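Trainee:
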Amino acid sequence: MDLVSSCKDKLAYFRIKELKDVLTQLGLAKQGKKQELVNRILAFLSEEQGSKLHGLGKRGSVGKEGVAKIIDDTYRKMQVPGATDLASKSHSSSDFNPLRPKDEIDDSYQLNGKVRCLCGGTIMTESVLQCEDPRCRVWQHISCVLIPEKAVEGAQPEIPSHFYCELCRLSKADPFWTTFSHVLHPVKLISSGGTSDGNNTLQTVEKTFQLSRTDREMLQRAEYDLQVWCMLLNDKVPFRMQWPQYADLQVNGIPVRVVTRPCSQLLGINGRDDGPVITTCSREGVNKICLSRCDARVFCFGIRIAKRRTLQQVLNLVPKEPDGERFEDALARVRRCVGGGNAVENADSDSDLEVVTENVTVNLRCPNSGSRIKIAGRFKPCIHMGCFDLETFVELNQRSRKWQCPICLKNYTLENMIIDPYFNRITSLLQNCGEDVNEIEVKPDGSWRAKGEGVIWELSQWHLPDGSLCTPKEEDIKPRLEDIKQIKQEDTLEGPHTGLRIGIKRNAMESGK
Ligand SMILES: [Zn+2]
Ligand SMILES: [Zn+2]
Ligand SMILES: [Zn+2]
Ligand SMILES: [Zn+2]
């Protein structure tokens, strides 16, 4: 179907309201009967087509694609009333209050069953996949968003164990940006395939997007920017931007640099591309964006009005200490890591072997800053007990955008970050100590004391895990043998936990040394 007849079809569905919307955006008169409004739009469309065909495109002319885009956008809004607004609202709802479980449930309820797909379609089919973000839960067509590993005709893509839609991936990729609105909805960049000699051909996609006066006014404000983003559809690192090889971007004819690496170089597993800001090359009305690339993989890109978050705003997204993890869970991890055994696991054992487990020295230096941790941050899924300084880490990731645990090197998102209730209690108690106090001794039961010359007497005494002072009796200072006597010696020395223990002694918080 050609452009004009497809526009005609859509216009047939429009009410006066939508027709007037389109006329306003095109700068045309809005008076007249319904059919007159339709005719005016169609006349404008064929005029635009004519001027383009004859090379007479005048300055400020939107082009027939521009008109078609306006009609298409209006049509989409009709099909899914409020879907776009809802999606962007739910993506940014954490801005205002990260703990709004009631609202989140409302949002997911409203969006449940909604299809929002890269193809632009909203029809529910049999093979769909749901975004697992609880605030999103949109459905997407499997054939549109999953790429088969091998480019074989008819190959079925494997269903991943975790799936996030491209917009959730985008918002998790960089919490220092939050989406205000999408001015160009995600566009799928189909593989440019390959020629017989194995070289990819250069492919170009041209799109138009509309900025209203309100949008432009919004973009005048310091914390708002117009950002173009791009992602590899089946990226092994899901929460990052990535641009295709030989990407060449132009906005209204102005070249925009998308990556700093050489254009032929692939993005490594630890690399992170950025979303260039195109505020200054955009204008009110219709804008043109043109992206060329030479890459066999499938990408998607889009343009959004994004709002910057300050470091403090991002830090505020990390749950408060009691909301991140229960103290008992943190203590259990420390006992497991230090004691190396699990009393419950061995409760059936009739062995009466007594094991004297040594105390472990834990370094409280942040692996990033090299100084003693002020606020003990960690990623909740990590099994090691090592922490890092929360503020230093978040500040570093404003630039690196890696969100990688400095201890086990796993990749996470800000949403996985918590304050370690066990170590944060200790670092808070140590906050007035000198800089040279960086080590504590930890017993298998989780009690601890500060080490070093400059430690005040009170902190050099054994403290219970909760930070209260142990009663200074001789028997409390000895390891509590009755707690650990059921641990078999072989479990501690040769059993499955040995590797973990050695790993902890070597790694725990000491990499900053
Ligand atoms: Zn689709
Ligand atoms: Zn999603
Ligand atoms: Zn880790
Ligand atoms: Zn104390």
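For the sequence shown, position 52 matches number 137 in my numbering, and the numbering has no gaps at all.
Cβ coordinates follow ideal geometry from the N, Cα and C atoms, glycine included.
On a predicted model such as this, the values are computed, not experimentally measured, just so you know.
(1) So what does residue 384 bridge to, in DSSP terms?
(2) Between the beta-carbon of residue 326 and the beta-carbon of residue 314, is there less than 9 Å?
(3) Kindly indicate the opening and closing residues of the alpha helix (DSSP H) around residue 303.
(4) Who's in the neighbourhood of ligand 3, going by beta-carbon under 5 Å from any heavy atom, listed in chain order?
(5) For residue 502, count neighbouring Cβ atoms within 10 angstroms of its own Cβ and tell me buried if that reaches 16, exposed if not.
(6) Between the alpha carbons of residue 231 and residue 467, how many angstroms are there, rounded?
(7) Are the beta-carbon atoms of residue 395 and residue 457 separated by less than 9 Å?
(8) Pick helix, strand or coil for residue 352, following the three-state DSSP scheme.
(9) Would you kindly work out how many angstroms separate the C-alpha atoms of residue 216 and residue 509, rounded to a whole number?
(10) Starting from residue 105, follow the alpha helix (DSSP H) in both directions and report where the run begins and ends.
(11) Among 500, 418 and 483, which residue has its Cα nearest to the Cα of residue 527?
(12) Are there 16 or more other CB atoms within 10 angstroms of the CB of residue 102, so buried, or fewer, so exposed?
(13) Beta carbon of residue 216: closer than 8 Å to some heavy atom of ligand 1?
(14) So which of 462, 118, 546 and 130 has the shortest CA-CA distance to residue 89?
(15) Would you mind sorting residue 110 into buried or exposed? The rule is 16 or more other CB atoms within 10 Å of its CB.
(16) What's the C-alpha gap between residue 522 and residue 542?
(17) Quick test of your reading: residue 357 and residue 276, contact by CB under 8 Å. State the CB separation rounded to the nearest angstrom.
(18) Would residue 408 and residue 463 qualify as a contact pair, given that the criterion is a beta-carbon distance under 9 Å?
(19) Which residue spans inside the segment 205-243 form an unbroken alpha helix (DSSP H) run of at least 4?
Mentor: Quick look at the numbers:
(1) 274 and 317
(2) yes
(3) 298-305
(4) 467, 490, 492 and 493
(5) buried
(6) 29 Å
(7) no
(8) coil
(9) 34 Å
(10) 101-111
(11) 418
(12) exposed
(13) no
(14) 130
(15) buried
(16) 13 Å
(17) The Cβ separation is near 23 Å, so there is no contact.
(18) no
(19) 227-230
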